[in-house]
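Worksheet: one structure, shown below.
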Amino acid sequence: MTETGPDTGVLREIVEGVYAWEQPDGTWWVNNAGAVAGDEGVLVVDTCATATRTRRFLDALDVATGGAPIRWALNTHQHGDHTYGNSLLPESTVLIGQTSMREALARDPLFEHLPPVWTPQPEWGDVTRRLPGVTLDRALTLHTGGRRVDLLHPGYTAHTSGDVVAWLPGERVLFTGDLIFHGLTPLAFMGSLEGSLRSLEWVASFEPEHVVPGHGPLLGASELDKVLSAHERYYRFVLDAAGDAVREGLSPLEAARALDLGEFSSWADAERIVLNLHRAQADLLGEPMDLLGALQDTVTWNGGPMATTL
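Residue numbers (the working numbering): 782 to 1091.
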């Protein structure tokens, strides 16, 4: 059985001075993060959901870099597993995010009022809401010593409206945020299924040699095509099911109950089918999505709250 607690995170050096913080098993609220070290300081890519998990990441990074200052930090999108630890970064750290990501984190309802749909109920610890002080629209390039890091938005809504990847062209390392879920069910309920599908080709276009997904094990170039193909099949599966449901007058919960998940049934967090259908059907109908209603439908489909390992 995979160990999943806060003590299981591992800092992996991908290439010299470029690190991934990999947290098993990558399920609800358990993300990956990372860092890029150079002569002018460290860039952190995402924090973690809780104070405990974020401190373990930052302590490990401090040891690995010999105490190098964290000059910048990037949030790849607004979700709490990648942002709630922001306030534990040094005050001097320049926090960066996409414009709409900053706006979404500012009004994130889950930070103070998390509905009881996860169990155990996550405890964030001694963190406060901290927003990026620098925002980008489509692109921003950082330089630390001789190392270049491109921060890039795809130009459309995908996992969220404010997704940003961190791309190191010299080292061919790509931090994807939640554009990639490796080995578990993707989630697009705060974004777009069509955009998530479209983003797969964009991710492939970098031709990376090393990939740090938002959740799940790290990837090499030889594995990426297979993972992207699986994502594509899943997104098309959801879009087809949503289209059928709209034509038949089924609710997202009714549609989810009628589905055979097939190859996707073995993926962790399979209950996300309900959330993804809520998003796809809302987009097809041109209606806003009821976030709390979608979460409650997910609990109903799941037969109880979603498990957490925080």
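Where a beta carbon is used, it is the ideal one built from N, C-alpha and C, also for glycine. Just so it is clear, the structure is predicted and the values come from calculations on it, not from any experiment.
Name the residue from Met882, Thr941, Ala920, His924 whose alpha carbon lies nearest to the alpha carbon of Pro967. The count along the sequence shown starts at 1 and reaches residue 967 at position 186. Nearest of Met882, Thr941, Ala920, His924 to Pro967, Cα basis: Thr941.
Limits of the alpha helix (DSSP H) - the one that Glu1068 falls within: Position 287 of the sequence shown holds residue 1068. Careful: Glu1068 lies outside any alpha helix (DSSP H) and carries neither H nor E.
Enclosing alpha helix (DSSP H) for Val908 [first to last residue]: Taking the first residue of the sequence shown as position 1, residue 908 is located at position 127. Careful: Val908 lies outside any alpha helix (DSSP H) and carries neither H nor E.
Secondary structure at Trp983, three-state DSSP: helix, strand or coil? Looking up residue 983 in the sequence shown gives position 202. Correct three-state label for Trp983: helix.
May I have the straight-line CA-CA distance separating Met782 from Arg837, to the nearest angstrom? For the purposes of this step, residue 782 is taken as residue 1 along the sequence shown, with counting starting at 1. For the purposes of this step, residue 837 is taken as residue 56 along the sequence shown, with counting starting at 1. Model confidence at Met782 stands at a pLDDT of 39, short of 50, so the residue's coordinates are unreliable and nothing is read from them.
Taking C-beta to C-beta, are Leu1094 and Pro913 nearer than 8 Å? Residue 1094 is absent from the model: the chain starts at 782 and stops at 1091.
Spatial neighbours of Gly997 within its chain, please: C-beta separation below 7 Å, excluding the five flanking residues on both sides. Against the sequence shown, residue 997 aligns to sequence position 216. Contacts found: Gly807, Phe962, His963, Gly964, Leu965.
Using 8 Å for Cβ pairs, my map puts Val826 next to Ala947. What's the rounded Cβ distance? Position 45 of the sequence shown, counted from the start, is the residue given in the question as residue 826. Position 166 of the sequence shown, counted from the start, is the residue given in the question as residue 947. The Cβ separation is near 5 Å, so the contact holds.
What are the complete beta strand (DSSP E) segments, minimum 3 residues, inside the stretch 1017-1057? none
Let's test the definition: count the other Cβ atoms within 10 Å of the Cβ of Arg911 and tell me whether it reaches 16, buried, or not, exposed. Counting from 1 along the sequence shown, the entry for residue 911 is found at position 130. It counts as buried.
CB of Phe960 within 8 Å of CB of Ser973, strictly: Within the sequence shown, numbered from 1, the residue matching residue 960 stands at position 179. Within the sequence shown, numbered from 1, the residue matching residue 973 stands at position 192. In the sequence on display, residue 960 carries Leu and not Phe. No, the pair does not count as a contact, with Cβ atoms beyond the cut-off.
When the Cα atoms are used, what is the spatial distance from Thr835 to Arg953? Sequence index remark: in the sequence shown, residue 835 carries index 54 (1-based). Sequence index remark: in the sequence shown, residue 953 carries index 172 (1-based). So the two alpha carbons sit approximately 26 Å from each other.
Comparing alpha-carbon positions, which option in Ala845, Asp840, Thr828, Asp862 lies nearest Trp853? The residue given as residue 853 occupies position 72 in the sequence shown. For the residues Ala845, Asp840, Thr828, Asp862, the minimum Cα distance to Trp853 belongs to Thr828.
By how many angstroms is the C-alpha of Asn867 removed from the C-alpha of Thr909? Position 128 of the sequence shown, counted from the first residue, corresponds to residue 909. Position 86 of the sequence shown, counted from the first residue, corresponds to residue 867. Going from the Cα of Thr909 to the Cα of Asn867 covers about 8 Å.
Can you give me the Cβ contacts of Val898 inside the same chain, cut-off strictly under 8 Å, excluding the 5 residues immediately before and after it? Position 117 of the sequence shown, counted from the start, is the residue given in the question as residue 898. Within the same chain, Val898 has close Cβ partners Leu1076, Gln1077, Thr1079, Val1080, Pro1086, Met1087.
If we count the other Cβ atoms within 10 Å of its Cβ and call it buried at 16 or more, is Ala1002 buried or exposed? For this step, residue 1002 is matched to residue 221 along the sequence shown. Label assigned to Ala1002: exposed.
Mind checking which residues open and close the beta strand (DSSP E) that includes Phe838? For the purposes of this step, residue 838 is taken as residue 57 along the sequence shown, with counting starting at 1. No beta strand (DSSP E) holds Phe838; the alpha helix (DSSP H) holding it covers 832-845.
With distances taken Cα to Cα, identify the nearest neighbour of Ala1108 among Ala1037, Ala801, Tyr865, Arg928. Examination of residue 1108 is not possible in this model, given that the chain is present from 782 through 1091 alone.
Keeping to the same chain, check which residues put their C-beta closer than 7 Å to that of Gly926; ignore five residues upstream and five downstream. Sequence index remark: in the sequence shown, residue 926 carries index 145 (1-based). Only Gly819, Asp820, Glu821 meet the Cβ criterion.
I'd like to check one pair, Ala1011 with Leu1058: are the Cβ atoms closer than 8 Å? In the sequence shown, residue 1058 corresponds to position 277, counting from 1. In the sequence shown, residue 1011 corresponds to position 230, counting from 1. For Leu1058 and Ala1011, no; Cβs fall outside 8 Å.
Compare the Cα-Cα distances from Thr874 to each of Ala830, Pro896, Val823, Arg1017 and report the closest residue. The count along the sequence shown starts at 1 and reaches residue 874 at position 93. The shortest C-alpha separation from Thr874 is found at Val823.
Report all residues from its chain with a CB closer than 6 Å to the CB of Glu1044; omit the five preceding and five following residues, and keep chain order. Numbered from 1 along the sequence shown, position 263 holds the residue referred to as residue 1044. Here the set comprises nothing.
Quick one: what does DSSP say Gln879 is sitting in, helix, strand or coil? On the sequence shown, residue 879 is found 98 positions in, with the first residue counted as 1. Note: Gln879 maps to strand in three-state DSSP.
Is it buried or exposed for Thr900, if we count other Cβ within 10 angstroms and need 16 for buried? The residue you call residue 900 lines up with position 119 of the sequence shown. Classification of Thr900: exposed, given that the 10 Å Cβ count is below 16.
Leu933 vs Val945 beta-carbon contact at 8 Å: Along the sequence shown, read from residue 1 onward, the residue named residue 933 stands at position 152. Along the sequence shown, read from residue 1 onward, the residue named residue 945 stands at position 164. Yes. Within cutoff.
Is it the case that the Cβ atoms of Gly790 and Glu803 are separated by a distance below 8 Å? Numbered from 1 along the sequence shown, position 9 holds the residue referred to as residue 790. Numbered from 1 along the sequence shown, position 22 holds the residue referred to as residue 803. Contact: yes.
Between the Cα of Gly1030 and those of Glu1004, Pro871, Ala1063, spot the shortest distance and give me the residue it belongs to. Here residue 1030 refers to the residue found at position 249 when the sequence shown is read from its first residue. When each option's Cα is compared against that of Gly1030, the closest is Ala1063.
Is the Cβ-Cβ distance between Gly951 and Arg928 less than 8 Å? Locating residue 951 in the sequence shown gives position 170, where the first residue counts as 1. Locating residue 928 in the sequence shown gives position 147, where the first residue counts as 1. Closer than 8 Å, so yes.
In or out: Pro850 buried (at least 16 other Cβ within 10 Å) or exposed? Taking the first residue of the sequence shown as 1, we reach residue 850 at position 69. Label assigned to Pro850: exposed.
What separation, rounded to the nearest whole angstrom, lies between the Cα atoms of Glu784 and Leu792? Here the question's residue 784 lines up with position 3 in the sequence shown. Here the question's residue 792 lines up with position 11 in the sequence shown. If you take the alpha carbons of Glu784 and Leu792, they lie about 16 Å apart.
Would you identify the three-state DSSP class for Glu1013, choosing helix, strand or coil? In the sequence shown, counting from the first residue as 1, residue 1013 sits at position 232. It is helical.
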